[in-house]
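Residue numbers (the UniProt record's numbering): 1 to 403. Ideal placement from N, C-alpha and C gives every residue a C-beta, glycine not left out. First comes the structure, then the notes that go with it.
This is the structure we're talking about:
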């Protein structure tokens with residue numbers, strides 16, 4: 001049983017890594033994609049917004065599909081589609097082909113994100129201790145690798161297809177081989193196991209949905225505005241302006257790599273509270289920074305604070321609905337795309353209408369609201385054992401060995 005769990009954990013971790021690589025390769029080459037297809041600045045936001053919208057559709061669809069199909073099978077099918085869609089983005093010649101590739105990428109990413117986190121939540125339940133942060137740490141590592149590969153492609157002026165092809169050729173077969181060891185849990189159907197029906201389910205899940213949204217508003221603020229903020233507001237050089245996001249990714253990786261130990265020692269609620277406070281301090285430092293180096297300190301704090309919120313939100317959904325975690329995770333996952341869609345336009349609109357320093361205070365306030373909902377992250381004795389973790393078990397649910 002232990003070997004089954006270990007193989008399942010390793011194979012799922014590789015899926016998180018591959019997803020991090022693919023996502024970074026897409027978002028960091030947006031200027032090159034725009035140039036290749038001749039997409040105007042006015043039309044580009046529509047293409048970019050379509051991806052998270054369709055990802056939300058994919059996540060909702062996954063909730064219904066897992067009632068009949070194992071999450072492991074959905075993940076096994078979705079991951080190659082994401083990678084091939086990425087290759088399609090680099091291979092097309094017309095905006096129609098770009099639209100089709102981005103649509104496939106968005107739908108598959110929604111299914112992929114939902115099914116990966118379903119398996120992560122069920123594996124954590126089987127392990128009987130916090131391991132969700134480790135999966136998201138590997139995702140961050142994949143993002144760093146993907147961004148580095150994108151830099152190499154841009155530095156050597158490689159065509160998108162040439163840049164993407166080796167990555168896809170390597171990752172697709174490795175993901176398919178690794179998928180043989182995915183471990184399914186007993187996710188159940190949310191409607192069948194939640195007492196009181198959908199009304200109570202929504203009431204229980206709503207605080208986590210809000211936390212997920214606020215966390216991704218903060219994350220999208222960093223990813224979309226850190227470079228512009230450092231250069232235009234804090235007066236950094238163009239080269240230095242590229243550093244904050246890299247620092248953010250590295251500190252996100254470090255925070256997630258050690259975060260599970262904090263959850264085991266202090267409990268999920270305490271870690272979430274600490275993360276929210278650190279992230280809020282990071283936004284405050286960015287907002288009042290007199291120069292670029294203080295601003296860099298703020299973005300460093302943001303990485304350390306925000307990194308724990310999303311993994312622990314998924315884990316909390318698993319504790320609230322131990323027999324229905326698949327559907328709960330799928331519904332919760334939609335709000336990561338809501339936050340992504342809201343965050344960047346919100347900061348941009350506030351920055352133009354008011355000031356970018358003032359705009360940084362809005363995600364600061366939103367992330368502090370997480371403190372109000374921190375109790376939702378506490379272990380529920382009647383649902384998930386007692387104390388910080390439930391007793392260790394060897395219940396692995398259903399194993400997946402091929403199609």
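Residue range of the alpha helix (DSSP H) that includes residue i
| i | result |
| --- | --- |
| residue 97 | 95-127 |
| residue 159 | Neither: residue 159 is in no alpha helix (DSSP H) and is coded neither H nor E. |
| residue 33 | 30-37 |
| residue 69 | Run containing residue 69: none; DSSP gives neither H nor E here. |
| residue 325 | 325-353 |
| residue 231 | Looking at the DSSP string, residue 231 is not in any alpha helix (DSSP H), and its letter there is neither H nor E. |
| residue 15 | 2-27 |
| residue 360 | No alpha helix (DSSP H) contains residue 360, which DSSP labels as neither H nor E. |
| residue 260 | 243-266 |
| residue 300 | 292-306 |
| residue 313 | 309-320 |
Check whether residue i and residue j have beta carbons under 8 angstroms apart
| i | j | result |
| --- | --- | --- |
| residue 39 | residue 47 | yes |
| residue 175 | residue 14 | yes |
| residue 138 | residue 108 | no |
| residue 33 | residue 160 | yes |
| residue 102 | residue 50 | yes |
| residue 222 | residue 335 | no |
| residue 367 | residue 312 | no |
| residue 25 | residue 123 | no |
| residue 5 | residue 182 | no |
| residue 247 | residue 296 | yes |
| residue 117 | residue 329 | yes |
Status (buried if at least 16 other CB within 10 Å, exposed otherwise) for residue i
| i | result |
| --- | --- |
| residue 195 | Bear in mind that the predicted position of residue 195 carries a pLDDT of just 41, short of 50, making it too unreliable to give a figure here. |
| residue 8 | buried |
| residue 69 | exposed |
| residue 105 | buried |
| residue 76 | buried |
| residue 3 | exposed |
| residue 358 | exposed |
| residue 321 | buried |
| residue 265 | exposed |
| residue 352 | exposed |
| residue 134 | buried |
| residue 202 | exposed |
| residue 162 | exposed |
- Message: Can you confirm whether the stretch 282-297 touches the stretch 340-354 when touching is taken to mean that 3 or more C-beta pairs between the two stretches lie within less than 8 angstroms?
- Response: no
- Query: Between the stretch 225-245 and the stretch 364-380, are three or more C-beta pairs nearer than 8 angstroms?
  - Reply: no
- Task: Take every Cβ of the stretch 278-290, pair it with every Cβ of the stretch 160-174, and state whether three or more of those distances are shorter than 8 angstroms.
- Result: no
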